[in-house]
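See below for the structure under consideration.
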Amino acid sequence: MGFIGNATQANSIASAVTIAFDVPSLAVGIVFAVLAGMVVIGGVNRIANIARFVVPFMAVVYILCAVVILFEFSDHIVPMFNHIFTAAFNPEAVLGGAAGIGMREAIRFGVARGLFSNEAGMGSTPHAHATADVKHPVQQGMTAFVGVFIDTILVCTATALIILLTDANLSGEQGAAVTQFAFNKAFPGFGSQLLAVCLTFFAFTTIIGWYYFGESNIRFLFRGRHLGIYRALVLLAIVLGTLGKVDLVWNLSDMFNGFMVIPNLIALFLLRKEIRAIYDDYLMQKKAGQDLSYQYEFHEFHDKQ
Numbered sequence: 000m001g002f003i004g005n006a007t008q009a010n011s012i013a014s015a016v017t018i019a020f021d022v023p024s025l026a027v028g029i030v031f032a033v034l035a036g037m038v039v040i041g042g043v044n045r046i047a048n049i050a051r052f053v054v055p056f057m058a059v060v061y062i063l064c065a066v067v068i069l070f071e072f073s074d075h076i077v078p079m080f081n082h083i084f085t086a087a088f089n090p091e092a093v094l095g096g097a098a099g100i101g102m103r104e105a106i107r108f109g110v111a112r113g114l115f116s117n118e119a120g121m122g123s124t125p126h127a128h129a130t131a132d133v134k135h136p137v138q139q140g141m142t143a144f145v146g147v148f149i150d151t152i153l154v155c156t157a158t159a160l161i162i163l164l165t166d167a168n169l170s171g172e173q174g175a176a177v178t179q180f181a182f183n184k185a186f187p188g189f190g191s192q193l194l195a196v197c198l199t200f201f202a203f204t205t206i207i208g209w210y211y212f213g214e215s216n217i218r219f220l221f222r223g224r225h226l227g228i229y230r231a232l233v234l235l236a237i238v239l240g241t242l243g244k245v246d247l248v249w250n251l252s253d254m255f256n257g258f259m260v261i262p263n264l265i266a267l268f269l270l271r272k273e274i275r276a277i278y279d280d281y282l283m284q285k286k287a288g289q290d291l292s293y294q295y296e297f298h299e300f301h302d303k304q
């Protein structure tokens, strides 16, 4: 994720900023590579402090924009849902699904985009959750569930409604340009710029977060060696990502996300007894009215960071 994932995020930033402010993609990539470098040198505390402030604020701004658009295009809501259900259940759609074409594509893109959005099942976010100071690991697991809900049910659903209500899905645009088309239609004159700012903050905090996930792996696998090489490759990936074609970047991202899911699901299956034991311990303490506690195990490499 430190490479392909960050290249995808950089591609989205470059696309949005180029459309909104007419800035060359390469310049966008260089600027954000420099900014990312400044942040990651500061370490995990700086990353956490930036994300803690920026992400909730921008999420609220984005949701408020979606609410405004819902009211602005409220007369389109009923026709929109009518179109959704008609397209899903009409004879042509059913036959296409039976033939394995329509259903295959719907599942393929739904899973791929959902996976990229919330990372559920990829084994990426535990790097961040593992650093949290909580009394019991189940508490942090529930926090992770909430993150998936907010990301998918709120932010992604809001994006889908915005696109469908404004007919941006018929614009012929790709990637971030589709949502920018919708925002520009809803907020003429500044919608594209507004979304570019929101997307930039979302994507940039994701970049530095994914960098940290990769750094955690490097520290574990190589005891902290080769961090300089990893950082240089991440910054290079950011620059190259801004120059890539949208389809190519997203296809690479989908492929590598799949590579992450498979070993993680295998690991979850093998650890199912331990997971169940930890959850049962949490329930037992809650039912007994005890103060939550858990005996954490720390590996040697933690002390060397």
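Quick note: the sequence shown, position 281, residue 280 per numbering that gives the first Met the number 0, numbers continuous. Note that the Cβ used here is the ideal one computed from N, Cα and C, for glycine as well.
Secondary structure of M283, DSSP reduced to three states: Counting from 1 along the sequence shown, the entry for residue 283 is found at position 284. It is helical.
Residue closest to F258, alpha-carbon to alpha-carbon, out of F221, F115, R275: Reading the sequence shown from its first residue, position 259 is the one you call residue 258. For F258, the nearest C-alpha among the options comes from F115.
P78 (DSSP reduced to helix, strand or coil): Here residue 78 refers to the residue found at position 79 when the sequence shown is read from its first residue. DSSP, read as helix, strand or coil, puts P78 in helix.
Three-state secondary structure (DSSP) of A181: In the sequence shown, counting from the first residue as 1, residue 181 sits at position 182. Looking at A181 - three-state DSSP - the assignment turns out to be helix.
Cβ-Cβ distance between A202 and Q8 below 7 Å: Looking up residue 202 in the sequence shown gives position 203. Looking up residue 8 in the sequence shown gives position 9. Yes, the Cβ-Cβ distance between A202 and Q8 is below 7 Å.
Whether I217 touches L226 by CB criterion (7 Å): As a position in the sequence shown, residue 217 is number 218, starting the count at 1. As a position in the sequence shown, residue 226 is number 227, starting the count at 1. Cβ distance < 7 Å, so I217 and L226 count as in contact.
Which of helix, strand or coil DSSP assigns to Y305: Beyond the ends of the chain as shown, which are 0 and 304, falls residue 305; an answer cannot be given.
L232 to A86 span [Cα, whole Å]: Taking the sequence shown and counting its residues from 1, the one referred to as residue 232 is at position 233. Taking the sequence shown and counting its residues from 1, the one referred to as residue 86 is at position 87. In a straight line, the C-alpha of L232 is about 44 Å away from that of A86.
For F219, the first and last residue of its enclosing alpha helix (DSSP H): Translated into positions along the sequence shown, residue 219 becomes position 220. Segment 190 to 221, the alpha helix (DSSP H) holding F219.
Beta-carbon proximity of V53 to F200, cut-off 7 Å: The residue you call residue 53 lines up with position 54 of the sequence shown. The residue you call residue 200 lines up with position 201 of the sequence shown. Contact flag set, yes.
Sufficient close CB pairs (3 or more, under 8 Å) joining the region 150 to 170 to the region 59 to 69: yes
Member of L164, I206, L291 whose CA lies at the smallest distance from the CA of P78: For the purposes of this step, residue 78 is taken as the residue at position 79 of the sequence shown. Per the Cα distances, L164.
Rounded Cβ spacing between L361 and K134 (contact assumed at less than 8 Å): Not covered by the structure: residue 361. The range shown for the chain is 0 to 304.
E104 in three-state terms, based on DSSP: Position 105 of the sequence shown, counted from the start, is the residue given in the question as residue 104. Residue state, collapsed to three classes: helix.
C-beta contact flag for Q192 and A19 at 7 Å: Taking the first residue of the sequence shown as position 1, residue 192 is located at position 193. Taking the first residue of the sequence shown as position 1, residue 19 is located at position 20. Yes, these two residues count as a Cβ contact at 7 Å.
Of the listed residues D74, G122, G4, F56, nearest to A266 (C-alpha basis): Position 267 of the sequence shown, counted from the start, is the residue given in the question as residue 266. Cα-wise, what sits closest to A266 is G122.
Backbone CA spacing between A26 and G120 [nearest angstrom]: By one-based count along the sequence shown, residue 26 stands at place 27. By one-based count along the sequence shown, residue 120 stands at place 121. One C-alpha to the other measures close to 35 Å.
Among F70, G208, A129, R222, the one whose alpha carbon lies nearest that of E296: Here the question's residue 296 lines up with position 297 in the sequence shown. Nearest of F70, G208, A129, R222 to E296, Cα basis: A129.
DSSP state of D302 mapped onto helix, strand, coil: One-based indexing of the sequence shown puts residue 302 at position 303. Residue confidence for D302 is low, a pLDDT of 42 falling below 50, so the modelled location carries little weight and cannot support an answer.
For F312, the three-state DSSP class (helix, strand or coil): There is simply no residue 312 to check, as the chain begins at 0 and stops at 304 in what is shown.
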